[in-house]
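**Student:**
Number of protein chains: 2
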Amino acid sequence: MPSRLDNDLMLRALLREPVERTPVWMMRQAGRYLPEYREVRARAGDFMTLCTTPEYACEVTLQPLDRFPLDAAILFSDILTIPDAMGLGLSFVHGEGPQFERPVRDARSIQRLGVPDPEDDLGYVMDAVRLIRSELDGRVPLIGFAGSPWTLATYMVEGGSSRTFSRIKALRYEDPVALHMLLTVLAESVAAYLKAQIEAGAQIVQIFDTWGGVLTPSDYREFSLDYMTHIIEALPESNDGRPVPVILFTKGGGAWLETMVGSGADCLGLDWTVDIGDARDRVGDRVALQGNLDPAALLAHPEHIREAVAGVLASFGQGSGHVFNLGHGITPEVPPEHAAAMIEAVHALSPSYHEGS
Amino acid sequence: MPSRLDNDLMLRALLREPVERTPVWMMRQAGRYLPEYREVRARAGDFMTLCTTPEYACEVTLQPLDRFPLDAAILFSDILTIPDAMGLGLSFVHGEGPQFERPVRDARSIQRLGVPDPEDDLGYVMDAVRLIRSELDGRVPLIGFAGSPWTLATYMVEGGSSRTFSRIKALRYEDPVALHMLLTVLAESVAAYLKAQIEAGAQIVQIFDTWGGVLTPSDYREFSLDYMTHIIEALPESNDGRPVPVILFTKGGGAWLETMVGSGADCLGLDWTVDIGDARDRVGDRVALQGNLDPAALLAHPEHIREAVAGVLASFGQGSGHVFNLGHGITPEVPPEHAAAMIEAVHALSPSYHEGS
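Put into structure tokens, the structure is as follows:
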């Protein structure tokens, strides 16, 4: 018998089963826009300490749930834990984002990379998942996550964030075999990592393909989507007596939804540059959709936020298969009351789209 | 009788008339990847002096034509000349890009903005156009250009470059009337500016909508495309006895091509995230297409560049209506011989797509 789950709206929506209202969560909901998060972050000292200390990770994961009636928790962590466990030496430089001390740039350094053991090398993540599940106590499901192989590779080759992706693109043109080697070891690592998160208690997983959208259409298939498809194939379809749905989110990938449907994901995440109603027409009933309010809409007055939420709900239309979310992470300058206004609007306005279901 | 034009391939391709081979030019072809450009830039001292001194602007405009068999020249200038002429105080900070001393952030500062007089306030641009036309002496056509109202507005409100566009998006949600006021004065300014460039001798014009792709689909129509459409309506269809084609380039706008067709543009620019063959199927014979090699492909060895060029040409397929270009500006680290390899490949491989035409 599966463990207790008081609110399974999100699971049902992901599986396109009837729901009473549209479930809602926010990417980066445990983040800098919350004063209580900034307080813990200051206490921890730095960002990696937050990630690697299960008690801190658990505390900040639960903060937004104590404030807002959200329908899911998402593990507090970072997509770059895997390359860090591979030995690249991750640090976060204030104002400059992530940096790797030992980036990989050629076939030789790629060949040296091994697949991290999730329980040995990333045990702090699995401990956090277990602790969060225990503290959540069945309130809402817990989302686990990982970066896509392509997205992780961009950071590993560039050495950090990039605007032009010139190093990894040079590698793609100069030595595509080496890049495929890198993506292969990353796909194995991500699959093992997500499997372990599921075994530790993650009830939904999301693959963040933050940089898939910088590729050409055929390179997206070859260097990003194919690897995510392999990962999804490797994941267990159920755990603890319940299906474990997979969400695939390629930022900037709105033009390629038809192709992404073939990945085996249960749900596709949308950024704000597509109309969710058009997206629904294009994917039909083959997958659920998650999104897609422009995070910048949360800078508006609450009455305008409500209008913007109404627009997304109306565009998706009647029936299940929609998980309300932002089209990207919530930004630090958003007042928490504005996030509250969005969530309230979903609660208030979405039931009429599920009547008779 | 129109003035002499030895090479009108680009004009014919833009009008979808038969050509012997696909014309080719590169966005930012007069730029930092060329040592002779860097030499002039060093001589001029700073970037704005290059733009505001017609002799320098002319010299660097012609440099890539002396090196490569390109089918068009593009005026050397910057899209931010208009806001500078409006009094915002433009400067280029090394490594940080453009900055405005006096950004506009509210209705009051927007109301104070006037439409710059192209010959009085931007006379240096018109002088550069006249000088370049005279020095070009009919070799190839000269492309004039401007930023789109939305794109200019992003810099004017943010105060410079942005990753999140949070200030202009806050304005869009908080005071859309003020934003429309700003876009209206910019649309008038851009129309007057492009008209003056055409009268001074620009034979083609391109509107750079660099940041239209960060909008939602409906906001793109309301805050970017509508204003570009008004500008195109205001431009003369011909000058000096020849049509003056208009190219509209919205980076990240590949999903919206069907809507952009209604703008009245003769040609749509494509970035590298769309397949140009798919794009052609979608727009039919209503417009020509420009693009769309990934600029990063120029980091590869010349033999791979040739393959990449072959891919774009094959994807577009038989017939006219294609102007070969990169999907965005050429980047500073590209060796000039790699640009040469791309251009040679277009010359060598494209004639077979125009046989019998």
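In order, the protein sequences belong to chains A and B. Residues in the first sequence are numbered from 1 upward in steps of one, following this note's numbering. Residues in the second sequence are numbered from 358 upward in steps of one, following this note's numbering. Glycine is no exception: its CB is placed at the ideal position from the N, C-alpha and C atoms.
1. Can glutamine 675 of chain B be considered in contact with the ligand FAD, in the sense that its beta carbon sits closer than 6 Å to one or more heavy atoms?
2. Suppose contacts are defined by Cβ-Cβ distances below 7 Å. Is arginine 518 of chain B in contact with isoleucine 564 of chain B by that definition?
3. Since tryptophan 629 of chain B meets chain A, which of its residues come closer than 8 Å, beta carbon to beta carbon?
4. Taking the continuous beta strand (DSSP E) assigned at aspartate 363 of chain B, which residues delimit it?
5. Terminal residues of the continuous beta strand (DSSP E) containing serine 91 of chain A?
6. Which residues, taken in chain order from the segment 151-177 of chain A, show a beta carbon closer than 8 Å to some beta carbon of chain B?
7. Using the beta-carbon of each residue, which ones in chain A are nearer than 7 Å to histidine 661 of chain B?
8. Aspartate 285 of chain A bridges to which residues according to DSSP?
9. Measuring CB atoms only, is the segment 182-202 of chain A touching the segment 231-240 of chain A, in the sense that at least three cross pairs come out at less than 8 Å?
10. Could you name the residues of the same chain whose beta carbon sits closer than 8 Å to that of aspartate 294 of chain A, not counting the 5 residues immediately before and after it, in chain order?
11. Where does glycine 262 of chain A fall in DSSP's three states?
12. With respect to the beta strand (DSSP E) encompassing aspartate 275 of chain A, which residues constitute its N-terminal and C-terminal limits?
13. Around the C-beta of arginine 469 of chain B, are 16 or more other C-beta atoms found within 10 angstroms, so that it is buried, or is it exposed?
14. Alpha carbon to alpha carbon, what distance is there between alanine 30 of chain A and leucine 62 of chain A?
15. Just the Cα atoms here: how many angstroms apart are serine 448 of chain B and arginine 398 of chain B?
16. Three Cβ pairs or more, each shorter than 8 Å: is that satisfied between the segment 243-261 of chain A and the segment 193-207 of chain A?
17. Once you ignore the five residues that flank arginine 12 of chain A on each side, which residues in its own chain have a CB closer than 6 Å to its CB?
18. How far does the beta strand (DSSP E) with proline 98 of chain A in it reach, from first residue to last?
19. Keeping to the same chain, check which residues put their C-beta closer than 7 Å to that of serine 620 of chain B; ignore five residues upstream and five downstream.
20. Quick check: the Cα distance between methionine 405 of chain B and arginine 395 of chain B, rounded to an integer number of angstroms?
21. Which residue wins for smallest C-alpha separation from aspartate 642 of chain B, given the options B:Phe673, B:Trp613, B:Leu656 and B:Gly668?
22. Quick one: grab the DSSP three-state call for arginine 379 of chain B.
23. Are the Cβ atoms of proline 118 of chain A and tyrosine 193 of chain A separated by less than 7 Å?
24. Where glycine 95 of chain A and leucine 299 of chain A are concerned, what is the direct C-alpha to C-alpha distance, given to the nearest angstrom?
25. If you measure between the beta carbons of arginine 102 of chain A and glycine 114 of chain A, is that distance less than 7 Å?
26. For a contact defined as C-beta to C-beta under 7 Å, what are the partners of histidine 94 of chain A on chain B?
27. My assumption, with CB atoms under 8 Å, is that isoleucine 687 of chain B sits in contact with methionine 384 of chain B. Please give the rounded CB distance.
28. Taking Cβ positions, are aspartate 428 of chain B and leucine 366 of chain B nearer each other than 7 Å?
29. Chain A beta carbons: is any one of them nearer than 7 Å to that of glycine 713 of chain B?
30. For leucine 142 of chain A, which option in A:Tyr220, A:Phe324, A:Tyr173 and A:Ala73 has the closest C-alpha, if you only look at C-alpha atoms?
31. In whole angstroms, give me the CA-to-CA distance for alanine 636 of chain B and tryptophan 507 of chain B.
32. In this structure, how does DSSP classify histidine 338 of chain A when only helix, strand and coil are distinguished?
33. Any beta carbon of chain B sitting closer than 7 Å to that of aspartate 281 of chain A?
34. Which residue wins for smallest C-alpha separation from serine 398 of chain A, given the options A:Gly319, A:Pro336 and A:Ile343?
35. Is it right to say glycine 402 of chain B is buried, meaning 16 or more other beta carbons lie within 10 angstroms of its own, or is it exposed?
36. Taking the straight line between their C-alpha atoms, what separation do you get for tyrosine 512 of chain B and glycine 356 of chain A?
**Tutor:** According to the data block:
1. This structure lacks the ligand FAD, and indeed carries no ligand of any kind.
2. Per the sequence shown, the amino acid found at residue 518 of chain B is serine instead of arginine. No. Outside cutoff.
3. Within 8 Å of the CB of tryptophan 629 of chain B, the CB atoms of chain A belong to Thr216, in sequence order along the chain.
4. Counting along the chain, aspartate 363 of chain B falls outside any beta strand (DSSP E), and DSSP gives it neither H nor E.
5. Unbroken beta strand (DSSP E) run through serine 91 of chain A: 90-93.
6. Thr164, Phe165, Ser166, Lys169, Ala170, Arg172, Tyr173 and Glu174
7. Tyr173
8. BP columns for aspartate 285 of chain A are empty, so no partner.
9. For the pair of segments examined, the segment 182-202 of chain A was found to touch the segment 231-240 of chain A: the number of CB pairs separated by less than 8 Å reaches three.
10. Trp272, Ala308, Leu326 and Gly327
11. helix
12. Here aspartate 275 of chain A belongs to no beta strand (DSSP E), and DSSP marks it neither H nor E.
13. Answer is exposed; the Cβ neighbour count stays below 16.
14. 8 Å
15. 15 Å
16. yes
17. Val19
18. 97-100
19. Leu582, Met585, Thr586, Ile589 and Leu605
20. 14 Å
21. B:Phe673
22. The sequence shown places threonine at residue 379 of chain B, not arginine. Threonine 379 of chain B falls in the coil class under three-state DSSP.
23. yes
24. 21 Å
25. no
26. Those do not exist, as histidine 94 of chain A stays about 16 Å from chain B at its closest Cβ, beyond 7 Å.
27. 7 Å
28. yes
29. no
30. Nearest C-alpha to leucine 142 of chain A: A:Ala73.
31. 24 Å
32. Collapsing the DSSP output to three states places histidine 338 of chain A in a helix.
33. No, no contact with chain B.
34. This structure gives no information on residue 398 of chain A, because the portion of chain A shown stretches from 1 to 357.
35. exposed
36. 49 Å
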